[in-house]
Amino acid sequence: MMPKGLCQEIRVEDRHSGEEMYRWACDLFPICRSLSGPGLRQTLSYLADLLPGLRVHDVPSGTAAFDWTVPDEWTIRDAYVADEDGNRIIDFRRHNLHVVGYSEPVDRWLTLDELQPHLHSLPDQPEAIPYVTSYYARRWGFCLGDDRRKALKPGRYHAVIDSTLAPGVLNYGELILEGEKETEVLLSTYVCHPSMANNELSGPVVTTAVAQWLAALPRRRHTYRIVFVPETIGSIVYLSRNLQRMKERTIAGFVVTCVGDDRTYSFLPSRRGDTLADRVARHTLARSGTDYDEYSFLDRGSDERQYCSPGADLPVASIMRSKYGTYPEYHTSLDDLSLISPAGLDGGFRILRRCLETIEANRVWEATTPCEPQLGKRGLYPTLSTRESGRQVRDMMNFLAYADGEPDLLEIAERIGIDVLDCAAIAATLERAGVMTAVDP
Amino acid sequence: MMPKGLCQEIRVEDRHSGEEMYRWACDLFPICRSLSGPGLRQTLSYLADLLPGLRVHDVPSGTAAFDWTVPDEWTIRDAYVADEDGNRIIDFRRHNLHVVGYSEPVDRWLTLDELQPHLHSLPDQPEAIPYVTSYYARRWGFCLGDDRRKALKPGRYHAVIDSTLAPGVLNYGELILEGEKETEVLLSTYVCHPSMANNELSGPVVTTAVAQWLAALPRRRHTYRIVFVPETIGSIVYLSRNLQRMKERTIAGFVVTCVGDDRTYSFLPSRRGDTLADRVARHTLARSGTDYDEYSFLDRGSDERQYCSPGADLPVASIMRSKYGTYPEYHTSLDDLSLISPAGLDGGFRILRRCLETIEANRVWEATTPCEPQLGKRGLYPTLSTRESGRQVRDMMNFLAYADGEPDLLEIAERIGIDVLDCAAIAATLERAGVMTAVDP
Amino acid sequence: MMPKGLCQEIRVEDRHSGEEMYRWACDLFPICRSLSGPGLRQTLSYLADLLPGLRVHDVPSGTAAFDWTVPDEWTIRDAYVADEDGNRIIDFRRHNLHVVGYSEPVDRWLTLDELQPHLHSLPDQPEAIPYVTSYYARRWGFCLGDDRRKALKPGRYHAVIDSTLAPGVLNYGELILEGEKETEVLLSTYVCHPSMANNELSGPVVTTAVAQWLAALPRRRHTYRIVFVPETIGSIVYLSRNLQRMKERTIAGFVVTCVGDDRTYSFLPSRRGDTLADRVARHTLARSGTDYDEYSFLDRGSDERQYCSPGADLPVASIMRSKYGTYPEYHTSLDDLSLISPAGLDGGFRILRRCLETIEANRVWEATTPCEPQLGKRGLYPTLSTRESGRQVRDMMNFLAYADGEPDLLEIAERIGIDVLDCAAIAATLERAGVMTAVDP
């Protein structure tokens, strides 16, 4: 499954294993994350230990961000529904998903009929606890398996949610890895989902591994902007503070989400559909030795909604394994640590890394001589002319035929039908031979 | 068959029924129309009674119009071929088509052999009287069923055509319905065909109904230029008088022809093939709930020949039911009132009206906020986040994703896969919510 | 197989028969050509007798041409391998291909084992002598059938090559046929292959016939630059002396190679793929009444490598019969005079001639009147209007619909689905009628 032809120049020692990413996910899984609050801060703190330079920002509740306002901070301490005997028949301590996210505090006795409107379950998946939130309208509620719900007997129930909704802060993490150039590549993942694995701990842990790899590179041509945000409000807040700079500098970006299972690969293009991010992702996935599903931008559902909105219009695409919304465990308690695997996380990591290697390698080349150079005298072309010439010579001559200072490396690779990193190796060989020069700044 | 999602804002009480249009056609059918003359004037007078503001123009014979010259006016009073016993065996009084259009006067006795070169019939359709004209070369002739022709016995025949070809005028009707803007939409139909129904009384009666509908609209964004001309020379004369203004202002136009039968729908694109007229017609036909035949511009044969000629190059397409030249009754006495129907005319009317509704609705929109607006606080987005979101929300978010001040409504509707008038309703909702603004002047 | 609709205006008496071209090939076949030397000069001298005005250029060894240097001149007088009894078991006198091109002199006795590294054969084609050269690295060697090689017995062999590699000249032939305009069409063929017929005597003899045809034309709109070069180094030298002028003036060009057999037709596009040369070739081949194989530019292998290199970027395509590298006899002694035929050469000639006729005819036309002109009064349109109109009238009206001063004749012909030379005839008719004018300079 490992793609061939890796560009040796930009590879470093591979110290990131799927096992390591999986351990991080196991550590983070039990934390009850939300848009804001202690669980989110605890998660960012864990990641900051892995990523020197990661800066955790505080944004006060009530701060305006374009059309939005940062909501109150939510703290959840306990939540349960007890029967008349005091038995906790729905218990937040057993699973974070049992409480509707951002539930306001409650402490009431209700009949079953009164309780029902506050309960959420999935008749088609009776064993699954659904993931439900109510960030922007005050509500309280509980989620549970539909089997359990149907087993509830008439009677009186004690609903208790020990939570606080009060002015506080919204947090996000930001890591800037400076490169030789000001051009930027964005990686964005989200850290607001409680106790679900593919969607969404896979994104944060794979992004962390990629960021470690990027930080260790001997050189980076581009600057990397890596953000860990609560979904939607987090990316909106982030854009409201960085939009102008990001519009000027971003050449490509990826939303990293649902990259942990081992079932398939998926691609969701940017709004424009033909940006560098799209081209790199398609080339990489097409040559990864595996099939992948390509979705429409109309199927989007995460922070690319904000990054690709008309006013931002950033070149941001999504590379995934099983896309959110498409697999049965999505947004339920079934999306647990058994759904992701070291191999699944490793696949997500490798595809994303390879995309970034491609962006690093993607220069514009121009031959230094009007006709074909005489490669024979440089040991790059056979001096004995017979009927056959090798594939390698053919690829090199084809690269020369298109390296006219206009197409980037990726476009040439697509035209001549080879892997872009093999194409980068050809360019490097010809540059060393003195017959090729990079013309991008 | 009625398309869904009609934009309520621009609909008015539907007082046009297929029955009414059919009655008009019945009234007009017996009149012997031609390029010029009393029959043409009588027809225009009838339509003027239905269309307040319709102005009937006179253009003197001999007037130059680009490469053409307005021919003499033709008046036909009687025409027949009689046998030696005085029996009228071909009689203009029985069918207008029996005389070749623009026949010069004649009063001669001939043998059958001498008569034959002046007779026209269709061996493949022995019962049909063909429609034959000779506008620009002096001739005389008669048309008849091939069965009748074959039954003619040797002998002497008396050919009489009581006609006048003399300087007079060419007439056409013109109705300008002013809108809020100077941008114009052209509707053109032709009124020179004698006693044929689909081609061509359907065009004039459907155009008349559409013009009544347009005139009654509470507001029109665009100005409507509606012309009833004799075919070819009429549109050339009209263009010679209005070309500069039409080139500057016309955003779309339709030649209205063959819109009366109930067999199929047809589309013939403009010369450029991708103008607003083409896009609107294709979108409307594709969503009309019925199949349609798309022809090539190379198959053109009516006044779009002039409107789309290189020197005019107007964005004019044709929406038809059974296209001229493709159905067996075409240009014969078989194209009679039994070929068209109230339902057929109604279908033509509805498609054309919907195209005009679309043009009225087709604005360019831009979101007022860089990221997604917060629709939840405006009651347009669910505040409880569960796994499913409805089709309506999805369409609205997709509209927001493309409304960046560049594509028109129609382009966005095509991209997000919904009907353009449903898209207009979304735009109106978002405009009312204060998060969307129209940027076209 | 002869295409229909030849433009009569630009045809001249056809004095070129396949038989004549075949006789020239027979005369030239025995000469031992190479990159340089007496055989190349003898060949150019023969062609100069057929082409008044052909100028043979001398370029001294050591001359720099971009990244290349003109090599020493090679003269070969004799070459053989003899056994101990003095029997010539490999003998250059029997076939030119027995000696590796550009072999340095040798006169040595060797064991069979010592001899083997200097021998070249094709195990898959045991009867064929392969064509092998070593222009830019000093070597000596012999080529022979693999059967013969396997039959060699252990023993001592006397290898003798009586050759000279010394400073001299490289030669090429150049014929400029001036036209009314400075715009140029390039024809390039190569004259360095010894004793092979399709690749490559067919190119020189067909080019010679086409040049004779061009020279005899009563008028030429464009200037024709016709070159006979040794492959690769010859085209590079030629470009190094003429590049600026060729870049400024060349509107189309063809490498003429492998045009002598009678099996198929082939097309290899230019680097850009949509130049005038490509469009003309595709139109002509598609309407030649025969199938053809279209190759990718990635399959190139002759002087288009230089003409289409990024620094030259000339609009040069290749029209062939069986493409080099694709037929079994390629680059062996089996590519002999039995492989080509008068009919094969004639097919190559006719396709190429028709392409040049098309380029001559390919003007930009504009109607002189805004609407359709009144063709009836000029005898070009029926004055009696019945249900049918002929194909000829339809083509003429379609030509009028697109002749707006923008597309060239070829583009209009493709749009309206007729042969470009039929389209030229329509344009000429309309020009004579005064309703059409050419707008290209």
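Protein chains in written order, with our numbering: chain A, 1 to 441; chain B, 442 to 882; chain C, 883 to 1323. The C-beta atom is built at its ideal place from N, Cα and C for all residues, glycine as well. Source: prediction; values computed, not measured.
For A1249 (chain C), the chain B residues whose C-beta falls within less than 8 Å of its own C-beta are S750, P751, G752, listed in chain order. A direct Cα-Cα distance of roughly 53 Å separates P783 (chain B) from Y307 (chain A). I90 (chain A) is outside the set of residues whose beta carbon lies under 9 Å from a beta carbon in chain B. Per DSSP, the unbroken beta strand (DSSP E) holding R225 (chain A) starts and ends at 223-229.
Within the region 347-421 of chain A, the alpha helix (DSSP H) runs of at least 4 residues that lie entirely inside it are, in chain order, 391-402, 409-416. When C-alpha distances from R804 (chain B) are compared across B:R597, B:V541, B:I692, the shortest belongs to B:I692. Under the three-state reduction of DSSP, P659 (chain B) is assigned to coil, being neither helix nor strand. Membership of W991 (chain C) in any alpha helix (DSSP H) is not indicated; the residue belongs instead to the beta strand (DSSP E) covering 988-993. With respect to chain A, the C-beta atom of D949 (chain C) has a partner C-beta closer than 9 Å. For the set A:W140, A:E200, A:F267, A:G53, the Cα lying nearest the Cα of P30 (chain A) is the one of A:E200. If you compare the alpha carbons of C:T1240, C:R976, C:R970 with that of R1102 (chain C), the shortest gap goes to C:T1240. The continuous alpha helix (DSSP H) containing H283 (chain A) extends over residues 276-286. Contact annotation: in the region 841-858 of chain B, residues whose CB is within less than 9 Å of a CB in chain A are L841, A842, Y843, A844, D845, G846, E847, R856, I857, G858. L1150 (chain C) carries a strand assignment under DSSP once its states are collapsed to helix, strand and coil. The region 714-723 of chain B and the region 673-690 of chain B do not touch, with fewer than three beta-carbon pairs separated by less than 8 Å. For M687 (chain B), the enclosing alpha helix (DSSP H) has its first and last residue at 674-690. Around the C-beta of K1205 (chain C), 16 or more other C-beta atoms lie within 10 Å, and the residue is accordingly described as buried.
Taken through DSSP and simplified to helix, strand or coil, E182 (chain A) comes out as coil. Residue pairing by DSSP places L628 (chain B) opposite B:I667, B:F695 in a beta bridge. Only buried fits Q1256 (chain C), as 16 or more other CB atoms lie within 10 angstroms of its CB. Taken atom to atom, the span from the alpha-carbon of I236 (chain A) to that of W68 (chain A) is near 8 Å. Sequence-distant Cβ neighbours of T673 (chain B) in its own chain, meaning closer than 8 Å and more than five residues away, are D744, R746, Q747. Here T731 (chain B) is exposed, its C-beta having fewer than 16 other C-beta atoms within 10 Å. Bridge pairing for I1043 (chain C): C:A961, C:V988 [DSSP]. Between the region 1016-1023 of chain C and the region 1059-1071 of chain C, the count of C-beta pairs closer than 8 Å stays below three; the two stretches do not touch. Under DSSP, G542 (chain B) shares a beta bridge with B:T574.
For S458 (chain B), same chain residues with a beta-carbon under 8 Å away, outside a window of 5 residues either side, are P783, D787 in chain order. The beta carbon of H772 (chain B) lies closer than 6 Å to those of Y572 in the same chain, with the five residues before and after it left out. For L825 (chain B), the chain A residues whose Cβ falls inside 9 Å of its Cβ are V100, H120, V132, T133, S134, A137, R139, G141, in order along the chain. The alpha-carbon of P751 (chain B) is positioned some 41 Å away from that of M837 (chain B).
By the CB criterion at 9 Å, A1285 (chain C) and A1309 (chain C) fall inside the cutoff.
The C-alpha of C1253 (chain C) is placed about 24 Å away from the C-alpha of E623 (chain B). Checking the DSSP bridge columns, you'll see F1024 (chain C) partnered with C:V981, C:L1001. Taking CB atoms only, T673 (chain B) has a neighbour in chain C less than 9 Å away.
Only exposed fits L553 (chain B), as fewer than 16 other CB atoms lie within 10 angstroms of its CB. Straight across, the Cα-Cα distance linking N1124 (chain C) with A947 (chain C) is about 11 Å.
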